[in-house]
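The block underneath contains the structure these notes are about, expressed in structure tokens.
Protein chains: 2
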Amino acid sequence: MSRAWGGEIGGASSTAGARPDEARRHNRAALLRRLHVDGPCTRATLATELGLNRSTIKAVVDGLAEAGVVSEAVPAQRNGAGRPSLMVLPLPESAVVLAVDVRVEQVAMSMVGIGGQVLGRHSWNLHRRTRTPGEVITHVAESAQLLAEELAVTARGAGISVPGVVRRDDGWVHEAPNLGWSDIALGTRLASVLRMPVQVANDAELGALAEHVRGVARNVDDLVYISADFGVGGGVISDGRPLRGTRGYVGELGHLVVRPGGRVCYCGSRGCWETEVGEAALCRALGLAEDAPRGVVVAELRSLATAPLPGPLDEFAEWLATGLVTVVNMMAPELVVLGDLFTALPAGVVDRVRTAVHERSLVSRAVGGTRIETSPLGRDAKLVGAAELAFEPVLGAV
Amino acid sequence: MSRAWGGEIGGASSTAGARPDEARRHNRAALLRRLHVDGPCTRATLATELGLNRSTIKAVVDGLAEAGVVSEAVPAQRNGAGRPSLMVLPLPESAVVLAVDVRVEQVAMSMVGIGGQVLGRHSWNLHRRTRTPGEVITHVAESAQLLAEELAVTARGAGISVPGVVRRDDGWVHEAPNLGWSDIALGTRLASVLRMPVQVANDAELGALAEHVRGVARNVDDLVYISADFGVGGGVISDGRPLRGTRGYVGELGHLVVRPGGRVCYCGSRGCWETEVGEAALCRALGLAEDAPRGVVVAELRSLATAPLPGPLDEFAEWLATGLVTVVNMMAPELVVLGDLFTALPAGVVDRVRTAVHERSLVSRAVGGTRIETSPLGRDAKLVGAAELAFEPVLGAV
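In order, the protein sequence lines correspond to chains A and B.
Oh and the first sequence: position 13 is 13 in the working numbering, straight run, nothing missing.
Each number in the working numbering corresponds to the 1-based position in the second sequence with 1000 added.
Structure, rendered in structure tokens:
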């Protein structure tokens, strides 16, 4: 057993062998991560939050300032008397990453600077012909090049969101059914054309990361994010860490069985959650064609904001609730974030789901009531998550 | 965000502030853990596995030998020529813990020495009148005292397994429906009468731990253990760590909804996995009374070992499979271990479940086929897990 049960005890050498330069690198990464995630603050705050003494903070900040990664400035607004403390600010353009969100109908990308500032964006629609892996890879590479030239920045790494079953170790896409992709070496192929480190992850996993770092789950260590873009998926953060299974695969919450013997799913099972609450099911519940344009679906949902729910939508809410009871009972989260299309659900549906989970989940009651919220990041969640994914190794190497 | 995403990076001070005595304590705990989990080995093996130099190993082993925690001995069997290397052996009685498994019909307890050796055992049956928390606590305390005197050992800590929803932080039992317990400060109350550190955990979580440390999942970092003792529960180890949710509560896999609108469950939901594959459901499938004695149930299952499965048992297998498809799709485990009563299932049932999961789980296929095995530890799993739970802090403090 290489890892300790329940503890953070690493290999015996990790502490025993810590060298001064390792400690410096570690402190530098921790300080940058603090500024990146929580924004500018004073040296004193850094010292308190990171548990380091002021001379160590000074050395790290001076080093980063010399390298052009941070600057120090007097805050514009003074409060209180006395000399204002200098704020340490990350300089966005000193460390930039590329974020790419491959969705079924669109690819969105952005260049993001340290601190999370979006420096530039680009997107294009996908059609049947342009949705092949080769077409997408080429278009991403060309657009990244143009964006980098336009902004005069060089990305240090890329994070890619894909709605599918992804092996995190090497960015292998096992299956992305709604894109029509299977067994694509996306990570390796993109790294080769982009000529930078590339990490690929499941879209729902990145939605969870985004909400955890910059969204509604900032101080929540146990959360589940539900994605709903054509298919349904889920990303889980447990005890502050992303939940992944064997070989880096994350679970597929869209394929929990909610209705045994129900509709056949492409996955080989029947009555999957996705077949009951995916976009096609929502369209059916709204009396629309299963492939109705997203705009029409959203407009229809908005029109129901204050109206009583039609019967089929009520049934839709029941299936959404049934799946969430299972998710909450299995994961014991503090917070469930409903993303994508689910952010447009009428309040009546969300309320019905909240009530059902409260009444039917033993675990929700045990943990003091699992909260259920819609995503404030909405359609940007995966792009934000992809940027954070890319920043992870970058912050340690700046 | 206090924890790093995806990394093992702790607070900045943990490396920067590592002192020599901390490193020594850390090395000592790592070495003891190695001996405890994997058994005796040479100093050279310890050096290789722990990544420490020989002089550090010598210092730690000498220190532990002086404290009477390990000894060094020539192995009985010599293989190859040359002088045999001394083996470092943990001395079981030098660090002992108390393990307690509170089951519905019985309490089992053991004193376990470092290395996992069971030094002594005791158990008693529970009836309606003796199943109250007060009766159990008193009986545990008295029996622990007797066992300690008999063995002439002093336990350094206790681990308690309970079939219920447990808050790990303080051993609060929120609900243990099959015991009829709710809101019991079990950890605090037991610590006060046993006068030692006490940790309480959900029985399925401890089953998972036991299989991970000493059972069929020794080298498996992503596993799910399914307990089936009256109720059904699950313990998950993900990336080598136990999966826990908010405030240390683990999920309740028994309450995933497999049959919407099905039988009413005490938890407030309907058609929970437990209502379809718990012991009462199994009895129904076998044509027995729902409260048939365990021995009768097991005998009936054994009699079906080679016979064709009766229809109701086939249906039981289908519900077991349906729940497992959901579990595998959500957790992406490498291995699922079926524990307790499920170890007595006819091979035909287990095979049917294996086939169903293989055919219907997208995630099983992605990870290269989730294995499904019955527990080799069987009825002892929770007791073994409770001992390991108790050893966790003890190994760091010997």
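All C-beta atoms in this analysis are idealised placements derived from N, C-alpha and C, irrespective of residue type, glycine included.
Item	Value
Backbone secondary structure at residue 1143/B - three-state DSSP	helix
In chain order, each alpha helix (DSSP H) run of at least 4 residues that lies wholly inside the segment 237-299 of chain A	273-277 and 279-285
Range of the contiguous alpha helix (DSSP H) that encloses residue 1374/B	Run containing residue 1374/B: none in the alpha helix (DSSP H); it sits in the beta strand (DSSP E), 1371-1374.
Status (buried if at least 16 other CB within 10 Å, exposed otherwise) for residue 1146/B	exposed
C-alpha gap between residue 1128/B and residue 1109/B, whole angstroms	20 Å
Distance, residue 1072/B Cα to residue 1066/B Cα	11 Å
Contact the segment 313-329 of chain A vs the segment 1255-1269 of chain B: 3+ CB pairs below 8 Å	yes
Chain A within 8 Å of residue 1333/B, Cβ atoms only	yes
At least three beta-carbon pairs within less than 8 Å, the segment 203-213 of chain A to the segment 382-389 of chain A	yes
Where the beta strand (DSSP E) through residue 1348/B begins and ends	Where residue 1348/B is concerned, there is no enclosing beta strand (DSSP E), although the alpha helix (DSSP H) it sits in stretches over 1347-1360.
Distance, residue 1313/B Cα to residue 1280/B Cα	13 Å
The segment 1085-1094 of chain B touching the segment 1362-1381 of chain B, judged by at least three CB pairs closer than 8 Å	no
DSSP state of residue 1109/B mapped onto helix, strand, coil	strand
Classification of residue 1055/B by the beta-carbon crowding that lies within 10 angstroms, buried from 16 upward	exposed
Cβ-based contacts, 7 Å cut-off: residues of the segment 1343-1360 of chain B near chain A	1359 and 1360
Residues bridged to residue 90/A (per DSSP)	70/A
For residue 1085/B, three-class secondary structure by DSSP	coil
Cβ shell of residue 1348/B (< 6 Å), same chain only, five flanking positions each side left out	1309
Contiguous beta strand (DSSP E) assignments of at least 3 residues, all confined to the segment 145-215 of chain A	155-162, 165-167, 172-176, 181-184 and 198-202
Where residue 1366/B meets chain A, residues with beta-carbon distance less than 8 Å	165, 167, 174, 175 and 249
Residues that residue 1322/B contacts on chain A, provided the C-beta gap is smaller than 8 Å	257 and 260
Residue 275/A burial status per 10 Å Cβ neighbour count (16 or more: buried)	buried
Span of the beta strand (DSSP E), counted from its first residue to its last, around residue 99/A	96-102
Length of the line joining the Cα atoms of residue 113/A and residue 1222/B	35 Å
Chain B residues whose Cβ lies nearer than 7 Å to that of residue 400/A	Any property of residue 400/A remains undetermined from this structure, which presents chain A solely from 1 to 398.
Rounded distance between the beta-carbons of residue 175/A and residue 471/A, thought under 8 Å	It is not possible to answer for residue 471/A, since the shown part of chain A is limited to 1 through 398.
Interface partners of residue 1159/B on chain A, CB under 9 Å	Under the 9 Å cutoff, chain A gives no residues; its nearest Cβ is about 11 Å from residue 1159/B.
N- and C-terminal bounds of the beta strand (DSSP E) containing residue 229/A	223-229
Short Cβ contact (8 Å threshold) for residue 171/A with residue 187/A	yes
Local conformation of residue 1329/B per DSSP, three classes	helix
Alpha-carbon spacing of residue 9/A relative to residue 1050/B, whole angstroms	Annotation note: pLDDT 27 at residue 9/A (below 50); position unreliable, coordinate value reported separately. About 12 Å.
Element boundaries [alpha helix (DSSP H), containing residue 1034/B]	1020-1038
Nearest to residue 253/A (by Cα), restricted to the options 270/A, 261/A, 240/A and 225/A	225/A
Neighbour list for residue 267/A in chain B, Cβ cutoff strictly below 7 Å	1362
Proximal residues, the segment 1089-1105 of chain B versus chain A, C-beta separation under 9 Å	none
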